[in-house]
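**Student:** Residue numbers (numbering that gives the first Met the number 0), protein chains in the order written: chain F, 0 to 484; chain C, 0 to 488. Beta carbons: idealized from backbone N, C-alpha and C, even for Gly.
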Amino acid sequence: MSGDGGGGGGGASAGTGALGEARALDLLAEATRPDALEDPRAEVQAVLHGGTRTLTRFANSTIIQNMVVDDRKVIVRAVVDGRSGTVDTTDLTREGLARARRRAIELATAARGAAKHPGVAAPAAAAVDAAAVVPGTVDAPTLALTPAEKAERLAGVFRRADADHVLLAGRFNTGHLEFAVANSRGLGRYHDASIVDAKAFALDGPAGPGTASSYAGAVAVRAADVDVEGIADVAIRKCLMAKNPQPIEPGAHDVLLEPEAVVELLEWLSSIGFTSRSFEEETSFQYGRIGERVTGAAVTVADDPACRHGVGVPSPFDWEGVTRRPVTFLDEGVARGVVYDLRAAAVAGCASTGHAVGGGPFPEGTAAPAHVVLAPGDATREELLGRIERGLWVTRFHYVNGMLDPRRAVMTGLTRDGTFRVADGRVVGAVTNLRFTDSVLEAFARIGGIGRELRAVPTWWSELGAFVAPPVLVRGLVFTGRQRE
Amino acid sequence: MAMEPLDPRRRELARAGVQALGKAGVRFGDVRVLCRERQWLQVKGDEVDVATQTLDQGFAVRALVDGAWGFAGAPELSEAAIARAVDAAASIARGSAAADGRAPVSLAPVAPQHGTYRTPRVRDPFDVPDAEKLDLLFRAAAALRTDPRIKVARATAVSLRLRSALCNTEGTDIEQETLVCGGGLGAIATADGEVQRRTYPKDMEGDIHAGGWEHLESLDLVANAPRVADEAIALLSAPTCPAGTFRVVIDGAQMSLQIHESCGHPTELDRALGDEISLAGASFLTPQRVGLRYGSPLVNLYADSTTPGGPGTFGWDDEGTPAGRHDLVKDGVFVGYLGSRETSARIGAPTAAAFRADSWSRLPIVRMVNVHLAPGDWRFEDLVADTDDGLLMSVNKSWSIDELRLNFQFGCEAAWEIKKGKRGRLFKNPVYTGITPQFWGACDAICGADDWRVWGWMFCGKGDPMQIIHVGHGTSPARFNDVQVGARR
């Protein structure tokens, strides 16, 4: 479906409602025309974000949601005398955007107090090193995939699961995402990409206590790169391995963490330690420690917008139109800094790194990483397993929280969807889920090896980024409880 | 201030959509038209940190054909766009049914509904001038800055107004305007590498209620700011909370999250049936466990979407089921679920008016409304006086619970020791952990109606894709025995 009249009918797909570059930039340019601004002191930027998505969700080996939605919106920011106001709207008519602009200017004008916002980005901020940025990719066959076609593929997958007496849950989403920024100084940028995001959970019975579960998933720009049947097969195979989990006592265990589990930790490290706000408010574990070793020498973490390894939908510029620059957070365990948007950079006296964010459900006010990559090591997964005499293989974490003590990056969370005992380098059986509580900085100082295989894991809060991680062997991760009734 | 008026034709458009559904031959369908406005203002120190407003409008069509659902939505409010969405939704439903007709959907009966609902309010926050709101926030933030060690002094005001119309093929034809408003303040204190924070009434959004600007004014942020700042400073030099097994009194703010995570989410019927596996997980409270013991006989938990001031209060949920009260845990026994027409039909239970979407662009899913712990008969002062050796936990800082909602761990902003019935030393970084039915089974005292109030939460996340919705929890402080405090064994 589309707000401009496209789509509809049985062929409704993600490819039906795109604005396209010229129309998107015209729309935003019209909304930010300097001669249209209600206040001559104002600078204005407008961001188009969203797209057409076909979302197919399933559980108990049946489709429970199948939908097509067009939900583009425009976020207008006005800066007046160093203070900003922001309005987002789904009304993309000329009148709707003018209304949003007027209100944003009102909010910025009503603001008082310190004036720290430097204004909207100069066109020069859009300078692009073409070699360093992954171009957007729009894959026509992906966009043409209809909900009915996805349902047919999933029906086949469900039959495979039936044969192994397991139930499947998950999602098979496709979409066409558009992202554009323009401002009253003349900057204008557009990026679009197709996306396909599939994940499968296999369960050996109805959900609940005692039921084994497992996970597999992938994200890409081309449907041809996501093997839905293969993903389901991996989940089914892991589920069969996860049957009959045995209780295990908490304590310090050597663990091989799959990339999905590592990414959960990276997401929280990013939130509490790599944002401009965490540094400005002195809560980051990097605050006051730049240049010092804060974790193990094996750990190098960066935001790498040019990472070409399986990134879902990279965007070459941020929510202010500034070209994303690579930023190293931890260089062989040494604290190196955080990301900045225009405001945070002005306060800190540096340049924006191109990490402004927006559009999410939470009020923003910080710059945040978008494409975090943990540098790979040189080991195979089998070699990492082989280094464990007695320990665990953790495929995923659940509900990790890093607010316990951000200066030490103390986190807690639970294992989920398959936790396995390892003995003498071999997986020997499933165990019940465990809760860890540990300083991740201290745990990453006990790394026993890092895998060489990187995997992209989509972040739940953004379709315009994925975190990338290899498997990691951590010695003595501290587990403090277990799932039981 | 409010933005200029939105399109008022919501009901007419919804009715036109239902007519189109009839022509498309769907067995059941509904059309929901929604305008959503949110304003978030936040002052940090001497700066306006956040000044944002949302104007989000669109429509959603659900179509049930041959036992399968189809859904389509778009932001364009026109009869033509809705007609196209009806075609798309019906077509998707037919395609799903043809490919995967394993579990035909049926719906629990709900009589056709008619009427309007409007949240009572004294003063619509969208009519309050920006300058007046910011003045209050600046004064509150200034009142926090009592000491140079207060690194962050933050005051927040948030308002949300939802105007919707819903019509379905069974004859339901309703319109409602719900309004929530609230805010809070927070201080971060730093010294010598230590970071501590204290918030009021709690962190994130503070506290929201159904109603108008009067709720934020009633919180008296300015008067509470010096205490909040003093406690943040005191935490910098406070000893770490001791670990061990303790009798624990939990304040209302933290109890509201304890209820949310360990009762609200596990009693969502879609989770219990496995529908939410792909993000949030399942529940230990499976349908076979209805009737089993959940907590001590003192524990009565219920959903009530009619509670005055409750953020989860409305006239009807997003499929037109009228608001009401439903027991979840009665005298310590698990007795019922939050549900939708579809999920309730799957277990043969009455629906509980808990089907909600955070946007026109998302399908409703089973959500909490207001989930309350019924008051007991203790006065808070008497409860503390009755505690010979224990801890008082105050306001959430960290939250984590497993995918079945059994093993939880909560960190709080502060704890006080209770010795011989008196509140004693302040402790930093308190953490407590437990297993849900064991924890609630050890509840031996709940404070009474004088200490009972509704706590509002703005950011309950669930669904795939994630939906964020507002909920409420009425509770009073309560006491629990043999609670494990401290994370490490």
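Which bits of chain F does residue 463 of chain C rub up against, with CB to CB less than 8 Å?
**Tutor:** By 1-based counting over the second sequence, the position of residue 463 of chain C is 464. Contact note: residue 463 of chain C reaches chain F through 56 and 170, using a C-beta cutoff of 8 Å and chain order.
**Student:** According to DSSP, is residue 479 of chain C helix, strand or coil?
**Tutor:** Walking along the second sequence from the start, residue 479 of chain C turns up at place 480. Reduced to three states, the DSSP call for residue 479 of chain C is strand.
**Student:** Quick one: using the 10 Å Cβ neighbour count with 16 as the cut-off for buried, is residue 182 of chain F buried or exposed?
**Tutor:** Along the first sequence, one-based indexing puts residue 182 of chain F at 183. By the 10 Å Cβ count, residue 182 of chain F comes out buried.
**Student:** Just to make sure I have the definition right: I need the residues of chain C whose C-beta is within less than 7 Å of the C-beta of residue 252 of chain F. Which are they?
**Tutor:** In the first sequence, counting from the first residue as 1, residue 252 of chain F sits at position 253. Simply none; closest approach about 13 Å.
**Student:** Leaving out five residues before and five after residue 284 of chain C in sequence, what residues of the same chain have Cβ atoms less than 7 Å from its Cβ?
**Tutor:** Working through the second sequence from its first residue, we reach residue 284 of chain C at position 285. The beta carbon of residue 284 of chain C is closer than 7 Å to those of 265, 266, 271 and 333 in its chain, skipping five residues each way along the sequence.
**Student:** What are the complete alpha helix (DSSP H) segments, minimum 4 residues, inside the stretch 333-362 of chain C?
**Tutor:** Listed in chain order, the complete alpha helix (DSSP H) runs (minimum 4 residues) inside the stretch 333-362 of chain C are 340-346.
**Student:** What does residue 418 of chain C pair with, by DSSP beta-bridge criteria?
**Tutor:** Residue 418 of chain C sits at position 419 when you count from the first residue of the second sequence. BP columns for residue 418 of chain C point to C:388 and C:421.
**Student:** Which of the three DSSP states, helix, strand or coil, is assigned to residue 112 of chain C?
**Tutor:** Start at 1 with the first residue of the second sequence, and residue 112 of chain C comes out as number 113. It is coil, neither helix nor strand.
**Student:** Since residue 474 of chain C contacts residue 325 of chain C with CB under 8 Å, what's their CB separation in whole angstroms?
**Tutor:** Counting from 1 along the second sequence, the entry for residue 474 of chain C is found at position 475. Counting from 1 along the second sequence, the entry for residue 325 of chain C is found at position 326. With a Cβ gap of about 17 Å, residue 474 of chain C and residue 325 of chain C do not count as contacting.
**Student:** Is the shortest distance between the beta-carbon of residue 243 of chain F and the beta-carbons of chain C less than 8 Å?
**Tutor:** Numbered from its first residue, the first sequence carries residue 243 of chain F at position 244. Judged by the 8 Å Cβ criterion, residue 243 of chain F is not in contact with chain C.
**Student:** Which residue's Cα is closest to the Cα of residue 387 of chain C: C:367, C:57, C:422 and C:369?
**Tutor:** Counted from its first residue, the second sequence places residue 387 of chain C at position 388. Nearest option by C-alpha distance: C:422.
**Student:** Please state whether DSSP places residue 238 of chain F in a helix, a strand or coil.
**Tutor:** Within the first sequence, the letter at position 239 stands for residue 238 of chain F. Three-state result, residue 238 of chain F: helix.
**Student:** Use the C-beta contact count for residue 224 of chain F: other C-beta atoms within 10 angstroms, 16 or more gives buried, fewer gives exposed.
**Tutor:** Here residue 224 of chain F refers to the residue found at position 225 when the first sequence is read from its first residue. By the 10 Å Cβ count, residue 224 of chain F comes out exposed.
**Student:** What would DSSP say about residue 321 of chain C, mapped onto helix, strand or coil?
**Tutor:** Mapped onto the second sequence, residue 321 of chain C falls at position 322. Reduced to three states, the DSSP call for residue 321 of chain C is strand.
**Student:** Considering only their Cβ atoms, is the gap separating residue 233 of chain F from residue 215 of chain F smaller than 8 Å?
**Tutor:** Mapped onto the first sequence, residue 215 of chain F falls at position 216. Mapped onto the first sequence, residue 233 of chain F falls at position 234. In contact: residue 215 of chain F and residue 233 of chain F (Cβ atoms closer than 8 Å).
**Student:** Give the DSSP-derived three-state secondary structure of residue 484 of chain C in the structure shown.
**Tutor:** Indexing the second sequence from 1 puts residue 484 of chain C at position 485. Looking at residue 484 of chain C - three-state DSSP - the assignment turns out to be strand.
**Student:** Check the C-beta distance from residue 85 of chain C over to residue 62 of chain C and give it rounded, since I have them as a contact under 8 Å.
**Tutor:** On the second sequence, residue 85 of chain C is found 86 positions in, with the first residue counted as 1. On the second sequence, residue 62 of chain C is found 63 positions in, with the first residue counted as 1. Right, the Cβ-Cβ distance comes to about 7 Å (below 8 Å), so this counts as a contact.
**Student:** With a cut-off of 8 Å on the beta carbons, I'd call residue 180 of chain C and residue 158 of chain C a contact; round off their distance for me.
**Tutor:** Residue 180 of chain C sits at position 181 when you count from the first residue of the second sequence. Residue 158 of chain C sits at position 159 when you count from the first residue of the second sequence. Their Cβ separation, rounded to whole angstroms, is 5 Å, which keeps residue 180 of chain C and residue 158 of chain C in contact under 8 Å.
**Student:** Under 8 Å, do residue 434 of chain F and residue 479 of chain F count as touching if we go by C-beta distance?
**Tutor:** For the purposes of this step, residue 434 of chain F is taken as the residue at position 435 of the first sequence. For the purposes of this step, residue 479 of chain F is taken as the residue at position 480 of the first sequence. Taking 8 Å as the Cβ cut-off, residue 434 of chain F and residue 479 of chain F qualify as a contacting pair.
**Student:** In whole angstroms, what is the alpha-carbon distance linking residue 392 of chain C and residue 277 of chain F?
**Tutor:** Taking the first residue of the second sequence as 1, we reach residue 392 of chain C at position 393. Taking the first residue of the first sequence as 1, we reach residue 277 of chain F at position 278. Those two C-alpha atoms are separated by around 26 Å.
**Student:** Taking its Cβ as the centre, do 16 or more other Cβ atoms sit within 10 Å of residue 87 of chain C, making it buried, or is it exposed?
**Tutor:** As a first step, residue 87 of chain C is located in the second sequence; it is residue number 88 there, counting from the start. The residue in question, residue 87 of chain C, is buried, as its Cβ has 16 or more Cβ neighbours within 10 Å.
**Student:** So, is the C-beta of residue 456 of chain C closer than 8 Å to a C-beta in chain F?
**Tutor:** As a first step, residue 456 of chain C is located in the second sequence; it is residue number 457 there, counting from the start. For residue 456 of chain C, the answer is no, since every Cβ of chain F falls outside 8 Å of its Cβ.
**Student:** For the alpha helix (DSSP H) that residue 171 of chain F lies in, which residues bound it at each end?
**Tutor:** Indexing the first sequence from 1 puts residue 171 of chain F at position 172. Per DSSP, residue 171 of chain F belongs to no alpha helix (DSSP H); it is in the beta strand (DSSP E), 166-182.
**Student:** Counting pairs of beta carbons, one from the stretch 9-29 of chain C and one from the stretch 466-477 of chain F, are three or more of them closer than 8 Å?
**Tutor:** no
**Student:** Using beta carbons (cut-off 8 Å, strictly below), is residue 150 of chain C in contact with chain F?
**Tutor:** Stepping through the second sequence from its first residue, residue 150 of chain C is reached at position 151. Among the CB atoms of chain F, one or more fall inside 8 Å of the CB of residue 150 of chain C.
**Student:** My output table needs one value for residue 288 of chain F: the three-state DSSP class, helix, strand or coil.
**Tutor:** To locate residue 288 of chain F, count along the first sequence from 1; it is residue 289. Coil at residue 288 of chain F, not helix or strand.
**Student:** Going along chain C in order, which residues have a C-beta closer than 8 Å to the C-beta of residue 60 of chain F?
**Tutor:** As a first step, residue 60 of chain F is located in the first sequence; it is residue number 61 there, counting from the start. Simply 101.
**Student:** Output needed for residue 198 of chain C: all residues of its chain with C-beta closer than 8 Å, excluding positions within five of it in sequence on either side, in chain order.
**Tutor:** Looking up residue 198 of chain C in the second sequence gives position 199. The answer, listed in chain order, is 183, 184, 185, 186, 205, 227, 394 and 412.
**Student:** Quick one, are the C-beta atoms of residue 422 of chain F and residue 240 of chain F less than 8 Å apart?
**Tutor:** Residue 422 of chain F sits at position 423 when you count from the first residue of the first sequence. Residue 240 of chain F sits at position 241 when you count from the first residue of the first sequence. Cβ distance not < 8 Å, so residue 422 of chain F and residue 240 of chain F don't count as in contact.
**Student:** Is the separation between the beta-carbon of residue 79 of chain F and that of residue 41 of chain F shorter than 8 Å?
**Tutor:** By one-based count along the first sequence, residue 79 of chain F stands at place 80. By one-based count along the first sequence, residue 41 of chain F stands at place 42. Taking 8 Å as the Cβ cut-off, residue 79 of chain F and residue 41 of chain F qualify as a contacting pair.
**Student:** Measuring CB atoms only, is the stretch 109-121 of chain F touching the stretch 121-137 of chain C, in the sense that at least three cross pairs come out at less than 8 Å?
**Tutor:** yes
**Student:** Quick one: grab the DSSP three-state call for residue 193 of chain F.
**Tutor:** Translated into positions along the first sequence, residue 193 of chain F becomes position 194. Correct three-state label for residue 193 of chain F: strand.
**Student:** Going along chain C in order, which residues have a C-beta closer than 8 Å to the C-beta of residue 65 of chain F?
**Tutor:** Taking the first sequence and counting its residues from 1, the one referred to as residue 65 of chain F is at position 66. Going along chain C in sequence order, the residues near residue 65 of chain F (Cβ under 8 Å) are 67, 68, 69, 70, 91, 92, 94 and 95.
**Student:** Could you confirm whether any beta carbon from chain F is found closer than 8 Å to the beta carbon of residue 189 of chain C?
**Tutor:** By one-based count along the second sequence, residue 189 of chain C stands at place 190. Yes, residue 189 of chain C counts as interfacial toward chain F.
**Student:** If you reduce the DSSP assignment to three classes, tell me which class residue 251 of chain F lands in.
**Tutor:** Taking the first residue of the first sequence as 1, we reach residue 251 of chain F at position 252. Note: residue 251 of chain F maps to strand in three-state DSSP.
**Student:** What residues in the stretch 397-426 of chain C have a beta carbon less than 8 Å from any beta carbon of chain F?
**Tutor:** 397, 398, 399, 400, 401, 402, 403, 405, 406, 408 and 410
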